[in-house]
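A.B. asks: Quick note, the sequence shown lines up with residues 8 to 334 if you use this note's numbering. Glycine included, every Cβ here is placed at the ideal spot set by N, Cα and C. In this text, all values refer to a predicted model and were calculated from it rather than measured experimentally.
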Amino acid sequence: MILISKEQISKFKSFLDSHDSFIIAGHKEPDGDCISSCIGLSFILDKMNKPYIMLNAGPFKRNEIKKFAPKFKNALPFMTQDERNSCGLIIADCSELSRLGDIDGDLKGFSTFIIDHHKTADVKNSDNIIDPTAPAASCLVQQLFESLVGKPSKEQADIFFFGMATDTGFFKYLTEDSSEVFKGTARLVESGANPRKIYQEMTGGKQWNTRKLLGIMLDHAERHFNGKLVVTFETMDDTRKFGQDGRDSDAFYMLMLEVENVEAVLFIRQETEFSCTLGFRSREKCDVSAIASKFGGGGHKNAAGASTEGKIETLLPLILKEFAKVL
Numbered sequence: 008m009i010l011i012s013k014e015q016i017s018k019f020k021s022f023l024d025s026h027d028s029f030i031i032a033g034h035k036e037p038d039g040d041c042i043s044s045c046i047g048l049s050f051i052l053d054k055m056n057k058p059y060i061m062l063n064a065g066p067f068k069r070n071e072i073k074k075f076a077p078k079f080k081n082a083l084p085f086m087t088q089d090e091r092n093s094c095g096l097i098i099a100d101c102s103e104l105s106r107l108g109d110i111d112g113d114l115k116g117f118s119t120f121i122i123d124h125h126k127t128a129d130v131k132n133s134d135n136i137i138d139p140t141a142p143a144a145s146c147l148v149q150q151l152f153e154s155l156v157g158k159p160s161k162e163q164a165d166i167f168f169f170g171m172a173t174d175t176g177f178f179k180y181l182t183e184d185s186s187e188v189f190k191g192t193a194r195l196v197e198s199g200a201n202p203r204k205i206y207q208e209m210t211g212g213k214q215w216n217t218r219k220l221l222g223i224m225l226d227h228a229e230r231h232f233n234g235k236l237v238v239t240f241e242t243m244d245d246t247r248k249f250g251q252d253g254r255d256s257d258a259f260y261m262l263m264l265e266v267e268n269v270e271a272v273l274f275i276r277q278e279t280e281f282s283c284t285l286g287f288r289s290r291e292k293c294d295v296s297a298i299a300s301k302f303g304g305g306g307h308k309n310a311a312g313a314s315t316e317g318k319i320e321t322l323l324p325l326i327l328k329e330f331a332k333v334l
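#1: Among residues of its own chain, excluding the 5 on either side of A228, which ones have a beta-carbon nearer than 6 Å to its beta-carbon?
#2: Three or more beta-carbon pairs under 8 Å between the segment 147-161 and the segment 10-27, yes or no?
#3: Between which two residues does the beta strand (DSSP E) containing S28 stretch?
#4: Is the CB of S118 under 9 Å away from at least one CB in chain B?
#5: Quick one, are the C-beta atoms of D138 and L147 less than 9 Å apart?
#6: Would you grab the beta carbon distance between G47 and I166 for me? Rounded to a whole angstrom, and I think it's under 8 Å.
#7: Could you tell me if G71 is buried or exposed, where buried requires 16 or more neighbouring beta carbons within 10 angstroms of its beta carbon?
#8: Take the Cβ of D24 as the centre, count every other Cβ of all protein chains shown within 10 Å, and call the residue buried at 16 or more, exposed below.
#9: Count the other CB atoms within 10 Å of the CB of V266; is the residue buried (16 or more) or exposed (fewer)?
#10: Which of helix, strand or coil does DSSP assign to E329?
#11: Given a threshold of 16 other Cβ atoms within 10 Å of its Cβ, counted over all protein chains shown, does T321 qualify as buried or as exposed?
#12: Have a look at I326, D109, I42 and flag the residue whose alpha-carbon is nearest the alpha-carbon of A297.
#13: Less than 9 Å between the C-beta atoms of A144 and D184, yes or no?
#14: Assuming C283 and R276 make a contact with CB atoms under 8 Å, what is their CB distance in whole Å?
#15: Tell me which residues share the same chain as A258 and place their Cβ nearer than 7 Å to its Cβ, disregarding the 5 neighbours each side in the sequence.
#16: Can you find the residues in the same chain that come closer than 8 Å, C-beta to C-beta, to I223, ignoring five residues on each side of it along the sequence?
#17: Using a threshold of 9 Å, state whether the C-beta atoms of P159 and S186 are closer than that.
#18: On a CA-only basis, which of I16, N309, A200, L195 is nearest Y260? Give me that one, please.
#19: Buried or exposed: where does P37 fall if 16 or more other Cβ atoms within 10 Å of its Cβ makes it buried?
#20: Secondary structure at Y59, three-state DSSP: helix, strand or coil?
#21: Considering only their Cβ atoms, is the gap separating N268 from K235 smaller than 9 Å?
#22: Pick helix, strand or coil for I11, following the three-state DSSP scheme.
#23: Rounded to a whole number of angstroms, what is the C-alpha to C-alpha distance between A95 and P142?
#24: Who does V238 pair with in a DSSP beta bridge?
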């Protein structure tokens, strides 16, 4: 991970100084890193005595983030033009307004600062700190917090650790260039973050239905390209029966990537009659973010996603065609 430069920190501080109030927004279907990044930014604004609201379209179905839902609104309050002109929009863990989802209110036209770590970040007409070498957006926000505020409290350290642990798979996805990540993590533990407690909160409390749905995903799974790619899907009927209380596709990815010869995993969920959500995971060599971008999505080299129009039976051949080019 490349550390944030003094110039970037100064640029972010100038953005904060030049606005009277703020909107902090994260991507729809938030995960722990998105939540941690947004709340971490709120800690900075609290210290600066700057008013703010946090927006997220949800849903907050992941068990480990449900408790944070009350901190976020899904509608922008009425603002006069003068209030809009003096308000800054900070987008965390994504770079496009479209990824924020169905938030009630017009977010266009705000002075915007983006903090993101996705390889496929698409930034236009905004200030930003975007670092694809960072394993989590919360790692970037932690650096900003430490530079502008100082040492976090135990509560704050827990939040930053939670975000980092989410996107690193509790360190499983880190490589030999991650020394600065571990140094930052050590500082959080020194401030009181409890790794074991956070791990238990992240992995425990799963609903029974998620285990049943995982069984269906395993039953649907098929291999392609001599076993290099595993594909599974979730129909709308599957969702109605078992997916209303959340799902555990991460467990499916982990199980399949442990199979001999498997290099990538594809998960397709039929969201509506005419749209699907795509999830991609891979081992070291296969860049699934490049494939996700073909379907309007993006992410990281080894973890990406997309939301696109179509049905499972028509999308799958198109996605397999893209995988055929790299596997």
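C.D. replies: Quick look at the numbers:
#1: Non-local C-beta neighbours of A228 in its own chain, meaning closer than 6 Å and more than five positions away in sequence, comprise V237, T239, ordered along the chain.
#2: Cβ pair count under 8 Å is three or more, so yes.
#3: Residues 28-33.
#4: The structure shown contains no chain B, having only a single protein chain.
#5: The answer is yes: Cβ separation under 9 Å.
#6: G47 to I166, Cβ: 6 Å. Contact.
#7: The displayed chain sequence assigns Glu, not Gly, to residue 71. That one is buried.
#8: The residue in question, D24, is exposed, as its Cβ has fewer than 16 Cβ neighbours within 10 Å.
#9: Answer is exposed; the Cβ neighbour count stays below 16.
#10: Of the three classes helix, strand and coil, the one that applies to E329 here is helix, per DSSP.
#11: Classification of T321: exposed, given that the 10 Å Cβ count is below 16.
#12: Of all alpha-carbon atoms in I326, D109, I42, the one lying nearest the alpha-carbon of A297 is that of I326.
#13: Going by beta carbons, A144 and D184 fall outside the 9 Å limit.
#14: Cβ-Cβ separation between C283 and R276: approximately 6 Å, consistent with a contact (criterion under 8 Å).
#15: If we look at A258 and ignore the five residues flanking it on each side, its Cβ neighbours are L221.
#16: If we look at I223 and ignore the five residues flanking it on each side, its Cβ neighbours are E241, D245, F249.
#17: The Cβ atoms of P159 and S186 do not sit closer than 9 Å to each other.
#18: By alpha-carbon distance to Y260, the top candidate from I16, N309, A200, L195 is N309.
#19: By the neighbour-count criterion, in which 16 or more other beta carbons inside 10 Å mark a residue as buried, P37 falls on the buried side.
#20: Correct three-state label for Y59: strand.
#21: Remark: C-beta atoms of K235 and N268 approach each other more closely than 9 Å.
#22: If DSSP states are grouped into helix, strand and coil, I11 belongs with coil.
#23: Note that residue 95 corresponds to Gly in the displayed sequence, not to Ala. So the alpha carbons of these two residues sit roughly 26 Å apart.
#24: According to DSSP, which records beta bridges pairwise, V238 is partnered with E229, L273.
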